[in-house]
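Position 205 of the sequence shown, counted from 1, bears residue number 205 in full-length UniProt numbering, the numbering being contiguous throughout. From the three backbone atoms N, C-alpha and C, an ideal C-beta is built for every residue, glycine too. What you are looking at is a predicted structure, and each value in this text was computed from that prediction instead of being measured. What follows is a short report on a single structure.
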Amino acid sequence: MDMEEEVGRRGIPSLLKPPRPAEPESAPLQQEHIASDITQLVGWTPLVELKRIVEKDDVNARIVGKLEFYQPLCSVKDRSALRMIEDAEEKGLISPGTTTLIEPTSGNMGIGLAYIALVRGYRFVAVMPAEYSLDKQILLRYLGADVVLTDPALGFQGQLDKLEQLRKEIPNVHVLDQFANAANPEAHFTWTGPEIWKDTAGKVDIFVAGSGTGGTVSGVGKYLKMKNPAVKVICVEPAESPVISGGKPSRHKIQGVGPGFVPKNLDTSVTDEIITVTAEDAMANAKRLAREEGLLVGISSGANLAACLEVASREENKEKMIVTVFPSGGERYMNSDLFAAIARLVLVAPAGFRCPAIATKLQYYVSLFGSFENLLQILKRSDYLLSRNPERAVKPNVAFLMECGLDARDITKLSLSHSRLIVTNPVVVQAMVERAEGVGVRRGTRMFRHALEAVAFCSKEKIKAKVELLKKTFQWSDAEVRVAVSRFPGVLKHTKDRLPRVSEFLIAKFLKDNGLLEHDLSYYTVAKMIENDFMKKFIHPYKEVVPTLAQDYAAACRGEAPTAFRSQEVSTGLASEYIHRRYYIWCWKVSEDAKLKRQDHLCRTCRKHARSEDLLPTP
1 MDMEEEVGRR GIPSLLKPPR PAEPESAPLQ QEHIASDITQ LVGWTPLVEL
51 KRIVEKDDVN ARIVGKLEFY QPLCSVKDRS ALRMIEDAEE KGLISPGTTT
101 LIEPTSGNMG IGLAYIALVR GYRFVAVMPA EYSLDKQILL RYLGADVVLT
151 DPALGFQGQL DKLEQLRKEI PNVHVLDQFA NAANPEAHFT WTGPEIWKDT
201 AGKVDIFVAG SGTGGTVSGV GKYLKMKNPA VKVICVEPAE SPVISGGKPS
251 RHKIQGVGPG FVPKNLDTSV TDEIITVTAE DAMANAKRLA REEGLLVGIS
301 SGANLAACLE VASREENKEK MIVTVFPSGG ERYMNSDLFA AIARLVLVAP
351 AGFRCPAIAT KLQYYVSLFG SFENLLQILK RSDYLLSRNP ERAVKPNVAF
401 LMECGLDARD ITKLSLSHSR LIVTNPVVVQ AMVERAEGVG VRRGTRMFRH
451 ALEAVAFCSK EKIKAKVELL KKTFQWSDAE VRVAVSRFPG VLKHTKDRLP
501 RVSEFLIAKF LKDNGLLEHD LSYYTVAKMI ENDFMKKFIH PYKEVVPTLA
551 QDYAAACRGE APTAFRSQEV STGLASEYIH RRYYIWCWKV SEDAKLKRQD
601 HLCRTCRKHA RSEDLLPTP
């Protein structure tokens with residue numbers, strides 16, 4: 001084994017030698033394979049190809065993950081922690097039994113330093129904000145470290161200030177400084193990079209890694225580019241705090257990356273591209289790794305996978321090998337948002353997880369609704385799902401609704417708004433569908449789910465009363481109500497008190513038509529907007545241009561037809577009828593084939609304006 005291979009094979013393989021072919025099986029064993037201490041096992045970790053995820057996403061590239069949770073204390077930081085301590089020893093900066101090691105850390109680096117310092121004979125002090133999870137504080141103390149807490153409001157600067165204070169108070173202190181210590185990226189240049197190169201047989205085309213201290217992406221990237229300059233190195237950072245990309249630092253939930261500044265150890269000359277990933281995407285992909293590949297990993301691993309999938313989807317990367325690092329195992333994040341949904345679900349039905357019948361139901365519902373998060377939201381509204389037999393109502397209802405053109409996502413949204421719907425008697429659900437069709441929305445159309453939401457638990461009499469309220473509030477004819485409901489069935493969900501707010505939409509359209517708004521808004525956007533937000537956005541800015549706007553708006557919300565609703569650009573002949581009819585014309589614009597069929601429902605004024613917009617032929 002040459003020197004380069006020996007250096008690149010630190011860890012478990014360094015303890016093993018291939019058996020001699022000439023030796024018979026009965027020959028006595030000649031060599032022990034026992035590590036002298038735990039630090040001898042820091043190093044080599046296996047690679048695994050993510051074939052299931054790649055196949056499911058129909059990606060024409062190979063994605064390979066390096067499983068750093070195989071390290072002694074389950075994270076890639078074990079490498080840097082060991083190398084920084086070894087480097088300080090080699091330079092004579094520290095001595096066992098006399099030197100105290102200090103580091104501002106709250107995560108895996110602190111845990112790595114704690115156990116290596118313990119084995120090497122050093123006292124270790126971790127400085128961390130008080131807000132950080134209790135389990136990490138417990139783990140650090142369990143490994144013999146001292147933990148000094150700082151005020152969370154002071155951020156990283158608070159940790160640095162406390163560090164300076166401890167330097168003055170404690171004799172023989174050495175700060176390892178993971179963000180600037182060259183031994184950090186050196187560990188990955190010396191060990192991690194060669195391991196990837198050897199285990200991929202030099203076939204790696206792209207390397208993807210997140211940047212916390214910058215050690216992994218810089219060290220591995222530098223080595224791979226030394227072996228093959230064509231290798232592309234991609235750095236991953238949180239979208240919520242894109243400092244490396246030139247953005248502003250901010251709080252985020254991807255632990256282990258994105259410290260809020262560009263660390264000295266990050267060699268930007270090595271990286272070819274920076275990809276930002278949201279915390280939501282990072283957690284979603286961490287869950288994918290667990291549920292599709294059986295890999296229990298942390299949040300930053302999910303961020304790396306998200307970036308890999310983005311890179312793999314590009315045409316130029318077809319059939320290329322993309323290698324990434326999964327920095328840590330998932331058990332360390334049990335108290336984070338990664339497990340929050342399932343933890344809440346366990347609290348909702350703690351006994352259920354010990355009951356096979358309930359566990360089977362939960363498994364079915366998670367599959368139906370797509371995630372534990374969705375199931376939890378539905379269970380919060382009602383626990384009917386757990387008390388009913390899915391075979392009697394739920395599965396027949398799901399099958400029927402899918403026949404009506406709804407997919408699993410639609411059914412999930414229906415259940416979020418009406419948690420009892422899918423557990424209702426199937427005969428009743430069929431009647432609900434008939435009522436939805438009765439308001440003019442056909443099965444299989446885009447708005448059918450909205451119509452079903454609006455009328456599912458309404459009697460025919462109640463639906464009729466809502467239609468009458470629409471006619472009275474907006475002064476619509478029966479035909480206009482049919483058009484409006486078919487386009488926006490959610491209007492039927494408004495109560496008598498909420499319905500006048502829909503008049504806000506008319507005003508928004510009025511402002512748009514007269515050049516006072518840059519962008520049009522959907523019916524739902526405006527109808528759901530709270531009163532204060534609507535006033536700030538649509539009323540207050542236009543008081544000078546439309547002096548009567550506020551009083552006209554108030555009249556509209558009372559269900560009255562405003563009489564002074566006009567701006568400087570609008571002819572004085574256009575009044576309330578014009579404003580109300582403009583909404584009908586707008587609905588009518590959407591359907592090109594309806595231009596001539598619905599002329600008889602327009603008044604003379606509306607026909608004139610419709611012709612001016614080329615909606616009707618000139619007589």
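Quick check: the Cα distance between residue i and residue j, rounded to an integer number of angstroms?
i    : j    : result
S477 : A484 : 11 Å
E86  : K320 : 37 Å
V204 : I322 : 6 Å
W44  : T360 : 40 Å
H174 : V208 : 32 Å
G92  : A303 : 39 Å
T276 : G247 : 11 Å
R141 : T412 : 44 Å
Y384 : Q377 : 13 Å
E373 : N389 : 22 Å
M334 : A114 : 21 Å
P194 : K380 : 51 Å
Q71  : Q165 : 33 Å
V325 : G260 : 21 Å
C74  : L82  : 14 Å
S245 : V398 : 46 Å
Q430 : A408 : 18 Å
A182 : L67  : 24 Å
E461 : G438 : 12 Å
F488 : V441 : 10 Å
K395 : S371 : 18 Å
Could you tell me whether the Cβ atoms of residue i and residue j are closer together than 8 Å?
i    : j    : result
N285 : A306 : yes
P263 : F156 : no
W78  : G112 : Just to set this straight, residue 78 is Asp in the shown sequence, not Trp. For D78 and G112, yes; Cβs fall inside 8 Å.
V467 : V481 : yes
G110 : A126 : yes
R52  : E293 : yes
F281 : K232 : The residue you asked about is not Phe; residue 281 is Asp in the sequence shown. Not in contact: D281 and K232 (Cβ atoms no closer than 8 Å).
S415 : F457 : no
G221 : N265 : no
V119 : I170 : no
T99  : N172 : yes
V64  : V48  : yes
G490 : G444 : no
G330 : G298 : yes
S301 : L289 : yes
Got a sec, what are the start and stop residues for the beta strand (DSSP E) residue i sits in?
i    : result
L149 : D146 to T150
A126 : R123 to P129
E49  : L47 to E49
R420 : Taken as a continuous stretch (DSSP letters only), R420 belongs to no beta strand (DSSP E), as it is neither H nor E.
V236 : K232 to P238
K203 : Note, K203: premise wrong, no beta strand (DSSP E); not H, not E.
V394 : From DSSP, V394 is part of no beta strand (DSSP E) but of the alpha helix (DSSP H) over V394 to E403.
V323 : M321 to F326
L67  : R62 to L67
V175 : V173 to V175
I275 : E273 to V277
E103 : T100 to P104
Terminal residues of the continuous alpha helix (DSSP H) containing residue i?
i    : result
V262 : No alpha helix (DSSP H) holds V262; DSSP gives it neither H nor E.
E169 : G155 to E169
I254 : Counting along the chain, I254 falls outside any alpha helix (DSSP H), and DSSP gives it neither H nor E.
M226 : G215 to K227
L82  : K77 to E90
H450 : F448 to V455
R443 : Where R443 is concerned, there is no enclosing alpha helix (DSSP H), given that its DSSP letter is neither H nor E.
R141 : L134 to Y142
Y384 : Y384 to S387
Measure the beta-carbon distance from residue i to residue j and round it to whole angstroms, keeping in mind my assumption that it falls under 8 Å.
i    : j    : result
S95  : K136 : That belief does not hold up - the Cβ atoms of S95 and K136 are roughly 28 Å apart, past 8 Å.
S250 : E240 : 5 Å
K162 : T150 : 5 Å
G256 : G219 : So it is not a contact: roughly 16 Å between Cβ atoms.
S382 : S417 : Not quite, the Cβ-Cβ distance comes to about 12 Å (not below 8 Å), so this is no contact.
V423 : A393 : 5 Å
G158 : G121 : Going by Cβ atoms, the distance from G158 to G121 rounds to 30 Å, so no, they are not a contact pair.
Given the structure, does residue i come close to the ligand ATP, in the sense that its CB is under 7 Å from one of the ligand's heavy atoms?
i    : result
N425 : Judged by which ligands are present, the structure shown has none, so any question about the ligand ATP falls away.
At the 8 Å Cβ level, is residue i part of the contact set with chain D, yes or no?
i   : result
K66 : Given the protein chain composition of this structure (a single chain), no chain D is represented.
Cβ pair count under 8 Å reaching 3, the stretch 185 to 200 against the stretch 31 to 51:
The count of Cβ pairs closer than 8 Å, one atom from the stretch 185 to 200 and one from the stretch 31 to 51, reaches three, so the stretches are in contact.
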